[in-house]
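Working notes for the structure below.
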Ligand code: SF4
């Protein structure tokens, strides 16, 4: 069986086990990049970046397929998840433990053994001290120094893959927008782009640009929130106060312009839900941020006690970032020059001027600076989009009546979101896979904290700000 | 530097009339009922994290929850109120139950957001238990997806008035 569907950026094809293993070797050797791996009953898929996005699918009627994770560690958690969700067994994967499925006795999880003198363990979570998502962190420490962190995730597994099956495109878009609430625009956009690609539907130009406006507002809001929260975790609370106010300004602007503070359900199949009546609130917002943000950056830069906490803390090596194809802030702070907006350009970004900031230090400080620079870039992009906003309709009909496959990638504030989906003959979603950037960032947090003191974990964690919900699905 | 630090934080942010009135009501209610203190422990029981973002916003200078004596605490042992979000996933059920048991009496449970209220868009998922009330007794529901900070404040006020 062979299914081809392509435009110049995407290729989707069925393969045999030999090709699958060749692709695995290419990934492990670093000649191609693993973007995701997911299952469905009787079939396993993987998405690879090799100048274009290549989706290869392998039939495995007996539920067995050659493990990718056995030779390429970034695939391990994805394979464990595909086993939990679809019963597909990766042949050769040494880790037999479940990942998203916690079973009947959630406390009976076998953490990896640790041996050594004077080591002690600190279990943290799933319920944490702050207002954050649940996950479990098992620290092994030698005095104050972390020698190993093992994560256990899956606590907020909601069965989104299962809910997608049989959903109408409209309902599925709402689900996609609730996969990781902080990235609701980026997710909805990735989902509807995959649908539109599958069906060959072109949303009206105005809708495309308004989607861009929403996506950049979302990025600015999140980066502001993170900047404040990271400083707060270094006991510099005044920054949180200032950034919290700026962030609130963005959310209020979004509510005024698009009807929802987080812009949930504003990106819909075929276009956008509500038109922008006037751009004045966004222009006022841009001015307000430009007036106040530089002083905060200056304050960050000149406060030695703050720099003392962020510089050199929680380093991620360029090699690990490359191997794990770490997207977003985490990757770009460790020299990985990848941003879906530029690397696999999609409109309206193909018509905007912007820079993709890349740093090489890989520490908390670098991740802070990537955010700072990206806020500046986003403000400029917002201005460009407002200046060139096309007129016209904001939505076309999008009611599928035939089977088709689509794939899309968007750049959320924390990194790239990949969506692959198949629509059935009735026009419903048959299978939809969404891969959050966090899948490849979480494991790097385990590496980043090694050799740091336990007290620096909140700081490192916040500088990553991985999604639990987006990962747990 | 001192100027930067204080700029914009010296004067309280002016709010629209309804929100200011809400704030005054809340202030009176907290004082009457609790003599100015209510400790809230937030529990994400499967949220998409949208609800958490808006709960976070309660701490920003616009809403400034602490001025009413309402504050978020790190441990359920210090809490009067559990503010629970999400469609209670199977994987979070036990953690939620344990957190509830660890909270001393008298305690109140607020289910915040459409998911916590009735499973929201995740209804019918085998991975979710559903409404928070299926797992622990709920005293108040604040709907919304996510509820706005103003709606959350309104809900907390209703809780104080109802008790
Ligand atoms: S109510 Fe809405 S925002 Fe809150 S957790 Fe559910 S889906 Fe997310």
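Protein chains in written order, with our numbering: chain W, 1479 to 1951; chain U, 348 to 510. Where a beta carbon is used, it is the ideal one built from N, C-alpha and C, also for glycine. Source: prediction; values computed, not measured.
The continuous alpha helix (DSSP H) containing residue 403 of chain U extends over residues 397–404. Distance from residue 1669 of chain W to residue 1650 of chain W at the Cβ level is roughly 7 Å; contact confirmed, criterion being Cβ atoms closer than 8 Å.
In the three-state DSSP reduction, residue 1530 of chain W falls in the strand class (E or B). Every residue whose Cβ sits closer than 5 Å to any heavy atom of the ligand SF4 is listed here in chain order: W:1656, W:1659, U:394, U:395, U:397, U:398, U:460, U:461, U:462, U:467, U:492, U:493.
In chain order, 421, 422 make up the part of chain U whose C-beta sits under 8 Å from the C-beta of residue 1607 of chain W. Per DSSP, the unbroken alpha helix (DSSP H) holding residue 1842 of chain W starts and ends at 1842–1865.
Proximity of residue 368 of chain U to chain W, defined by a Cβ-Cβ separation below 8 Å, is not satisfied. Contact between the stretch 1692–1702 of chain W and the stretch 1657–1668 of chain W is present: three or more C-beta pairs spanning the two stretches fall below 8 Å. The continuous beta strand (DSSP E) containing residue 1628 of chain W extends over residues 1623–1630. Exclusion of the five residues before and after residue 1931 of chain W leaves 1622, 1623, 1624 as the residues of its chain whose Cβ lies within less than 8 Å of its Cβ. With a cutoff of 8 Å on beta-carbon distance, residue 493 of chain U and residue 502 of chain U are scored as not near each other. Bridge partners of residue 1516 of chain W according to DSSP: W:1523. The beta carbon of residue 1734 of chain W sits closer than 7 Å to the beta carbons of 1759 from its chain, once the five residues preceding and following it are set aside; these are given in chain order.
Residues of chain U with a Cβ closer than 7 Å to the Cβ of residue 1851 of chain W do not exist, since the nearest Cβ in that chain sits about 20 Å away.
Inclusion of residue 1868 of chain W and residue 1725 of chain W in the CB contact set at 8 Å is not warranted, their separation being larger than that value.
With the criterion set as a beta carbon lying under 9 Å from some beta carbon of chain W, the members of the stretch 429–444 of chain U are 430, 433, 434, 436, 437, 438, 439, 440, 441, 442, 443, in sequence order. By the neighbour-count criterion, in which a residue is buried when 16 or more other Cβ atoms sit within 10 angstroms of its Cβ, residue 1543 of chain W is buried. In the structure shown, the three-state DSSP call for residue 455 of chain U is strand. Contact between residue 1898 of chain W and residue 1672 of chain W is confirmed by a C-beta separation of about 7 Å, below the 8 Å threshold. Contacts with chain W at 8 Å (Cβ-Cβ) include residue 446 of chain U.
In the structure shown, residue 1612 of chain W adopts coil according to DSSP, grouped into three states.
Taking one beta carbon from each stretch, the stretch 1624–1636 of chain W and the stretch 391–406 of chain U have 3 or more pairs nearer than 8 Å; the two touch. Cβ proximity to chain U below 7 Å picks out 1632, 1633, 1634, 1635, 1636, 1637, 1640, 1641 from the stretch 1632–1645 of chain W. For residue 413 of chain U, not one C-beta of chain W is nearer than 8 Å to its own C-beta.
For residue 416 of chain U, no Cβ of chain W is located within less than 8 Å of the residue's own Cβ. The CB of residue 1630 of chain W never comes closer than 8 Å to any CB in chain U; the least such distance is about 10 Å. Annotated as distal: residue 1711 of chain W and residue 1805 of chain W, with beta-carbon spacing of 8 Å or more. Judged by DSSP in its simplified three-state form, residue 1535 of chain W adopts strand. By the criterion of at least three beta-carbon pairs nearer than 8 Å, the stretch 436–452 of chain U is in contact with the stretch 475–491 of chain U. The stretch 1833–1848 of chain W and the stretch 1790–1810 of chain W touch, with three or more beta-carbon pairs separated by less than 8 Å. Ranked by how close their Cα comes to the Cα of residue 1599 of chain W, the residues W:1545, W:1615, W:1607, W:1606 have W:1615 in first place.
Apart from the 5 residues on each side of it in sequence, residue 499 of chain U sits with its Cβ closer than 7 Å to the Cβ of 401, 402, 405, 459, 489 in its chain, given in chain order. A contact is defined here as three or more CB-CB pairs under 8 Å, and the stretch 462–478 of chain U fails this definition with respect to the stretch 407–423 of chain U. Taking a Cβ-Cβ cut-off of 9 Å, residue 1807 of chain W has no neighbours in chain U, whose nearest Cβ is about 17 Å from it. Judged by DSSP in its simplified three-state form, residue 1893 of chain W adopts strand. At the C-beta level, residue 1568 of chain W and residue 1545 of chain W come within 8 Å of one another.
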